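In this note's numbering, the protein residues as written are 2 to 116.
Glycine included, each C-beta is placed from N, C-alpha and C at the ideal position.
Keep in mind it's a predicted model, so treat the numbers as computed, not measured.
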Ligand code: SF4
Ligand code: SF4
């Protein structure tokens with residue numbers, strides 16, 4: 002996420018995403034890809050998680066676990082956030098899927114500057 006920036010963010014030809022309006026939808030859960038043959042542990046996880054796009058059309062399992070560093074819609078450790086947070090692409094496929102899941106359609110339009 003890019004909450005902590007004062008301006009909307011854009012990478013290359015991607016859609017603009019205003020993280021300050023979104024307030025950290027991508028920090029409210031974590032999605033992990035579970036690979037390998039189906040086993041009892043995977044079935045255990047499937048009962049407790051929902052499927053979500055992880056990028057490039059792949060599906061992972063989404064765990065509800067709001068980051069403890071997300072405070073009032075902003076990252077408390079923004080300058081020293083984990084690399085996987087810094088690498089997250091605002092306006093990218095996973096960002097859009099996350100916003101679609103966790104924000105209203107009206108909020109999504111504002112976040113992506115489509116209203
Ligand atoms: S889900 Fe997207 S728009 Fe929302 S805070 Fe994360 S990167 Fe920004
Ligand atoms: S460390 Fe910051 S950017 Fe990363 S998930 Fe937590 S609040 Fe979001």
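Using only the heavy atoms of ligand 2, determine whether one of them is closer than 8 Å to the beta carbon of residue 68.
Yes, the beta carbon of residue 68 sits closer than 8 Å to at least one heavy atom of ligand 2.
Kindly list the residues whose CB is nearer than 7 Å to the CB of residue 112, restricted to its own chain and excluding five residues on each side of it in sequence; keep chain order.
Around residue 112: 18, 19, 22, 23, 100 and 104.
Put residue 99 into one of helix, strand or coil per three-state DSSP.
In this structure, residue 99 counts as helix in the three-state DSSP scheme.
Which residues share a DSSP beta bridge with residue 61?
53, per the DSSP bridge assignment.
Only counting the same chain, and skipping five residues up and downstream in sequence, which positions put a Cβ closer than 6 Å to that of residue 63?
Within the same chain, residue 63 has close Cβ partners 30, 32, 50, 51 and 53.
Between which two residues does the beta strand (DSSP E) carrying residue 69 extend?
No beta strand (DSSP E) holds residue 69; DSSP gives it neither H nor E.
Which residue from 46, 85, 92 and 36 puts its Cα closest to that of residue 65?
Nearest C-alpha to residue 65: 46.
I believe residue 114 touches residue 74 by the beta-carbon criterion, under 8 Å. Please report the beta-carbon distance rounded to the nearest angstrom.
About 18 Å; that fails the 8 Å criterion.
Taking the alpha-carbon positions, what's the residue 71 to residue 43 distance?
Taking the straight line from one Cα to the other gives about 29 Å.
Using the C-alpha atoms, what's the distance from residue 95 back to residue 110?
Their backbone Cα atoms lie some 16 Å apart in a straight line.
Measuring alpha carbon to alpha carbon, tell me which of 106, 98 and 90 ends up nearest residue 59.
Of the candidates 106, 98 and 90, the one whose C-alpha sits nearest the C-alpha of residue 59 is 98.
Would residue 91 be called buried (16 or more neighbouring beta carbons within 10 Å of its own) or exposed?
Buried is the call here.
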